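Note sheet for the following structure.
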Amino acid sequence: MTPANRPASAGAPRGAAAFVLGVGLATVGSTVSLLSATGITTAAGDFDSGAIYTGIYVAVGLVAGALTMPYAPHLCRVMGTRVAYAWATSLLSVCWILVALLIVLGVPALPVLLLAAPVLGGFIGFTAVVSPVVYKAYLSSGDMSQVMARMTVVKGVAAVIGALAGGVFITSGTEALGLLVAGLLRVPLVFLAVRLSPALSIADPLQTLTPWGDIITSLKQSPTLRRTTYLACGVALFIAPMPSLVVPLTQALRREPLLQGAGLLLASIAIGELLSPIVVSRLRSKHTLIASSALASVMAGGILLALAVTSITLSNEIELVAWGILGIGFGASRFASRALTFGAASGAQEVHDVSKSLAAMLLSACLVAPIGILVWSVLLGRGMAPVALAFGAVGITCVGFAVYRPRLRA
604 MTPANRPASA GAPRGAAAFV LGVGLATVGS TVSLLSATGI TTAAGDFDSG AIYTGIYVAV
664 GLVAGALTMP YAPHLCRVMG TRVAYAWATS LLSVCWILVA LLIVLGVPAL PVLLLAAPVL
724 GGFIGFTAVV SPVVYKAYLS SGDMSQVMAR MTVVKGVAAV IGALAGGVFI TSGTEALGLL
784 VAGLLRVPLV FLAVRLSPAL SIADPLQTLT PWGDIITSLK QSPTLRRTTY LACGVALFIA
844 PMPSLVVPLT QALRREPLLQ GAGLLLASIA IGELLSPIVV SRLRSKHTLI ASSALASVMA
904 GGILLALAVT SITLSNEIEL VAWGILGIGF GASRFASRAL TFGAASGAQE VHDVSKSLAA
964 MLLSACLVAP IGILVWSVLL GRGMAPVALA FGAVGITCVG FAVYRPRLRA
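Each residue of the sequence shown is one higher than the last, beginning at 604 in this note's numbering.
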């Protein structure tokens, strides 16, 4: 066991609270960077090309993230999970700060973001695999679904703040400042991850020979992991693009200014994220983890369909109110599904293989996610926002019921 993964000290509870605060600040930064970066890419072209630019930017980041995921368990074993997490977070922070400075110095923003996308996506993909393991250690819980549900409360509050701040940045035309703030807000998390010990020691992955072979082996050996991965791919393909493309979505729905549209919709989703532990608890009381996740995904799909109908039938302030209500429902069900999916994946193999299970699931999801992003982008670029929402709703409903029905018969 590396020094960074030593057992907790007596001050672990205070350390856990401070770490969670650091995660909250980083989440504010993540939300601000999402809105600021996609605001830049959407504004870079006309109505048709803006959504395409945004889709390319997001898709490139997802592919790069997928390519780094198989190596996350190996680097965690070599460096120690906490050290690897701290390094990846710090480098991600530096990248955002450099991108912001280049834009401020007059370098065209769109080329900078497109060139930076694979680097940013790589670090984001790496931390996506490692973060749940680190959260579990700091919160001293044996149930990954409960850990992720509890973290959504913190992240939900932070995302509301980040969504409102990001809306201000894109409305005022100061997106580069938003990217700089996003980078700086990750710095406290790096410091806390290095300085504070978690409540539980972290079990680093066992030695392996081939990172990509581990992914295939994990999927072959665990039927539960295969089903979980299938559902995660459905979510990535059909409903995950909506929050990532919230700026071109609101533009396609003719909502101006963007602060009212993108900021409000993302903030309402974040408020729903706060309620996701309630959804997790209700579903878990009656169903298995994977069945519960499937049902939560179907719920999110139903809300997407309701958004599509709302965008056609309502207008002005009434439409905004409907967006807010439906956004809350979408956030609650979407993040409940996420927490339950992580719980099912982490329980599919032994404790030392948790990061391998998560890497297998997230890699598969990230490989199909660009397809969903590009389909949504093309539809939004053509002004067909209701069709994009209906596409997501129908697709995830089919996948969700396909995953749920065998569990129902069991």
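Even for Gly, the Cβ is constructed at its ideal location relative to N, Cα and C. Since we're looking at a predicted model, the values are computed, not measured.
Fill in: Separation of G866 from C969, as counted between CA atoms
Roughly 25 Å between the two C-alpha positions.
Discussion item. Contact between the stretch 840 to 853 and the stretch 985 to 1002 is defined here as three or more beta-carbon pairs at a separation below 8 Å; is this criterion met?
Written reply: yes
Worksheet item: Of all the alpha helix (DSSP H) runs that stay within the bounds of the stretch 949 to 1013, which reach a length of 4 or more residues?
Response: 957 to 984 and 988 to 1012
Worksheet item: Per DSSP, what kind of secondary structure is S936 in: helix, strand or coil?
Response: helix
Worksheet entry | Inside the stretch 622 to 693 only - beta strand (DSSP E) runs reaching at least 3 residues | none
Practice prompt. Express the C-alpha separation of L782 and T832 in angstroms, rounding to a whole number.
Written response: Rounded to the nearest whole angstrom, the CA to CA distance from T832 to L782 is 32 Å.
Worksheet item: Relative to the C-alpha of V760, which residue among I659, A948, G875 and L822 is closest?
Response: G875
Worksheet item: Run through DSSP, which three-state label would S888 get?
Response: coil
Item to complete: Could you tell me whether the stretch 711 to 729 touches the stretch 631 to 650, using the rule of 3 or more Cβ pairs below 8 Å?
Response: yes
Worksheet entry | Close Cβ partners of G725 (< 8 Å) along its chain, the five nearest in sequence each way excluded | A667, G668, L670 and T671
Worksheet item: How would you call I727, buried or exposed, if buried means at least 16 neighbouring beta carbons within 10 angstroms?
Response: buried
Worksheet item: For F794, does the count of other Cβ atoms within 10 angstroms reach 16, so buried, or fall short, so exposed?
Response: exposed
Item to complete: State buried or exposed for G984, treating a residue as buried only when at least 16 other CB atoms are found within 10 Å of its CB.
Response: Using a 10 angstroms sphere on the CB of G984, the tally of other CB atoms reaches 16 or more, which defines it as buried.
Discussion item. Could you check whether the stretch 938 to 950 touches the stretch 735 to 747, counting it as contact only if at least three pairs of C-beta atoms, one from each stretch, sit closer than 8 Å?
Written reply: yes
Practice prompt. Check whether the Cβ atoms of S940 and A897 lie closer than 9 Å to each other.
Written response: yes
Fill in: Continuous alpha helix (DSSP H) stretch holding P714: start and end
Secondary structure note for P714: its alpha helix (DSSP H) is the uninterrupted segment A712 to Y741.
Worksheet entry | Proximity of G769 and S871 at Cβ, strictly below 9 Å | no
Worksheet item: For A766, which residues of its own chain have a beta-carbon under 6 Å away from its beta-carbon, when the five flanking residues on both sides are left out?
Response: Here the set comprises T634, G866, L869, A870 and A873.
Fill in: Cβ shell of R885 (< 6 Å), same chain only, five flanking positions each side left out
none
Discussion item. Less than 8 Å between C-beta atoms, sequence neighbours within five positions excluded: which residues of the same chain meet that for L787?
Written reply: Spatial neighbours of L787 in its own chain (CB-CB distance under 8 Å, excluding positions within 5 residues in sequence) are listed in chain order as G632, S696 and I700.
Item to complete: Report yes if the CB atom of F1004 is closer than 9 Å to the CB atom of L799, and no otherwise.
Response: no
Worksheet item: How should K739 be labelled, buried or exposed, when 16 other C-beta atoms within 10 angstroms of its C-beta is the threshold for buried?
Response: The residue in question, K739, is buried, as its Cβ has 16 or more Cβ neighbours within 10 Å.
Item to complete: To the nearest angstrom, report how far apart G683 and L908 are at their CA atoms.
Response: 44 Å
Worksheet item: For the alpha helix (DSSP H) that contains I773, what are its first and last residues?
Response: M747 to S775
Item to complete: Output the distance between the C-alpha atoms of W979 and L929, rounded to the nearest integer angstrom.
Response: 19 Å
Item to complete: For A911, count neighbouring Cβ atoms within 10 angstroms of its own Cβ and tell me buried if that reaches 16, exposed if not.
Response: buried
Discussion item. Quick check on G618: does DSSP put it in helix, strand or coil?
Written reply: Assigned with DSSP and collapsed to three states, G618 falls in helix.
Discussion item. Please give me, in chain order, every unbroken run of the alpha helix (DSSP H) with length at least 4 that falls completely inside the stretch 831 to 879.
Written reply: 844 to 847 and 849 to 855
Practice prompt. Have a look at A703 and V732 and give me their C-alpha separation to the nearest angstrom.
Written response: 26 Å
Practice prompt. Report back the beta-carbon spacing between G975 and L792 to the nearest angstrom; my notes put them in contact at under 8 Å.
Written response: No, G975 and L792 are not in contact; Cβ-Cβ is about 29 Å, not under 8 Å.
Practice prompt. Within its chain, find whatever has a CB closer than 6 Å to the CB of C836; leave out the 5 residues flanking it on each side and keep chain order.
Written response: So the list reads S967, A968 and V971, once near-sequence residues are dropped.
Item to complete: List the whole-angstrom C-beta distance separating T657 from L848, where the pair is believed to meet the contact cut-off of C-beta under 8 Å.
Response: 6 Å
Worksheet entry | L795: first and last residue of the uninterrupted alpha helix (DSSP H) it sits in | V790 to R798
Worksheet entry | Contact check, S958 vs V626, beta carbons under 9 Å | no
Discussion item. Just to confirm, is the Cβ distance from A640 to T692 under 9 Å?
Written reply: no
Fill in: Beta-carbon proximity of A996 to G905, cut-off 9 Å
yes
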